[in-house]
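Participant: Mapped onto this note's numbering, the consecutive letters of the sequence shown carry residue numbers 1251 to 1423.
All C-beta atoms in this analysis are idealised placements derived from N, C-alpha and C, irrespective of residue type, glycine included.
Predicted, not measured: the structure shown is a model, and the values here were computed from it.
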Amino acid sequence: MIGEMRDQETAEISIQAAMTGHLVFSTLHTNDAISAIPRLLDLQIPDYLVAATLEGVLAQRLVRRVCSECRESYEPPAETVAAVAGRPIAGATLTRGAGCVACRGTGFRGRVGIFELLTITDDVRDAIAARAPRATLRVLAANAGLVPLRADGWLRAEAGFTTIEEVIRVVQE
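1. Pull up the DSSP beta-bridge partners for glutamine 1310, would you.
2. So glutamine 1390 is in the alpha helix (DSSP H); what residue range does that whole segment cover?
3. If you draw a straight line from the C-alpha of leucine 1312 to the C-alpha of glycine 1403, how long is it?
4. Could you tell me if methionine 1255 is buried or exposed, where buried requires 16 or more neighbouring beta carbons within 10 angstroms of its beta carbon?
5. Could you tell me whether the Cβ atoms of glycine 1363 and glycine 1347 are closer together than 8 angstroms?
6. If you pair each beta-carbon of the segment 1286-1304 with each one of the segment 1260-1268, do three or more pairs fall below 8 angstroms?
7. Determine the closest residue to alanine 1352 out of Cys1317, Arg1406, His1279, with distance taken between C-alpha atoms.
8. Distance, Cα to Cα, glutamate 1321 vs glutamate 1408?
9. Thinking valine 1283 and leucine 1390 are a contact (beta carbons under 8 angstroms), I'd like their distance in whole angstroms, please.
10. Would DSSP call glycine 1403 helix, strand or coil?
11. Taking the beta strand (DSSP E) that glutamate 1322 falls in, what are its first and last residues?
12. Just to confirm, are proline 1288 and isoleucine 1414 a CB contact at a threshold of 8 angstroms?
13. Which one of Thr1260, Thr1343, Tyr1298, Gly1271 has the shortest CA to CA distance from valine 1374?
14. Quick check: what's the CA-CA separation for threonine 1386 versus glutamate 1319?
15. Assign glutamate 1416 to buried or exposed, taking buried as 16 or more other Cβ atoms, counted over all protein chains shown, within 10 Å of its Cβ.
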C-alpha cells in the first residue's frame, strides 16, 4: 500500500513492485479514472510499463446523503436531469431534504459514495501502450463497461440517496 503517488520516484517504486508480482494499491489525484493513465505517463512512467502493470483504477467521490427525517419528493427541471442522466427523462420524480432539526436545516445527513471503475482490458492496454488520446480511452473503457461518475451519481439520485444538484456540485466533467 502506497499512500499517494505524487512524484516520479514513488510512481517508479510502485511500478517496480507491481512488475515483481506484488499487488499495489495507491491513491492518485485525478478527476476521473481515465485521467490516471495520462497522470502516470506525466510522472515519466513509460507507456509500456503502465500498460503492463495497471489492472484497474477506481475513482470515487462522496456526495451528501438526503436526510431521512425530512425527505420529500419533487420534480426537478428536465434540463438538470438530462445533464446528470445523460439523456432526457420526462417527469422524473426524485428526493430531496426539506430541512429539519435532525439535519440542521440542510436537507442532508451523512454521505454516500459514487464510483467509476476502469478495468484494464487488452484493448485498453494496447491503447495505453500506443499513447492513445483520452477520447479513445474513454470509448474503449465504455465498451468494457465503465460507468462514469456522473452516471453512477444519477443512479444514486434516482434511488433517493442524494440529489442531482449534489452530483453536479461534486462531479467535474
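Facilitator: In short, the structure shows the following:
1. In the DSSP output, where bridge partners are listed per residue, glutamine 1310 has Phe1365.
2. Looking at the sequence itself, residue 1390 is leucine, so the reference to glutamine does not match. Its alpha helix (DSSP H) spans residues 1384-1393.
3. Separation of leucine 1312 and glycine 1403 (C-alpha to C-alpha, rounded to the nearest whole angstrom) is 10 angstroms.
4. It is buried - the Cβ of methionine 1255 has at least 16 other Cβ atoms within 10 Å.
5. It is not a contact, given that the beta carbons lie outside the stated cut-off.
6. Verdict: yes, contact present.
7. Among Cys1317, Arg1406, His1279, the Cα nearest to that of alanine 1352 belongs to Cys1317.
8. The question names glutamate, but residue 1321 in the sequence shown is arginine. If I take the Cα positions, the gap works out to 14 angstroms.
9. Contrary to the premise, residue 1283 reads as alanine rather than valine in this sequence. With a Cβ gap of about 12 angstroms, alanine 1283 and leucine 1390 do not count as contacting.
10. Correct three-state label for glycine 1403: helix.
11. Unbroken beta strand (DSSP E) run through glutamate 1322: 1321-1324.
12. Taking 8 angstroms as the Cβ cut-off, proline 1288 and isoleucine 1414 do not qualify as a contacting pair.
13. With distances taken between CA atoms, valine 1374 lies nearest to Tyr1298 out of Thr1260, Thr1343, Tyr1298, Gly1271.
14. Those two C-alpha atoms are separated by around 45 angstroms.
15. Counting C-beta atoms within 10 angstroms of its own C-beta, glutamate 1416 has 16 or more neighbours from the protein chains shown and is therefore classed as buried.
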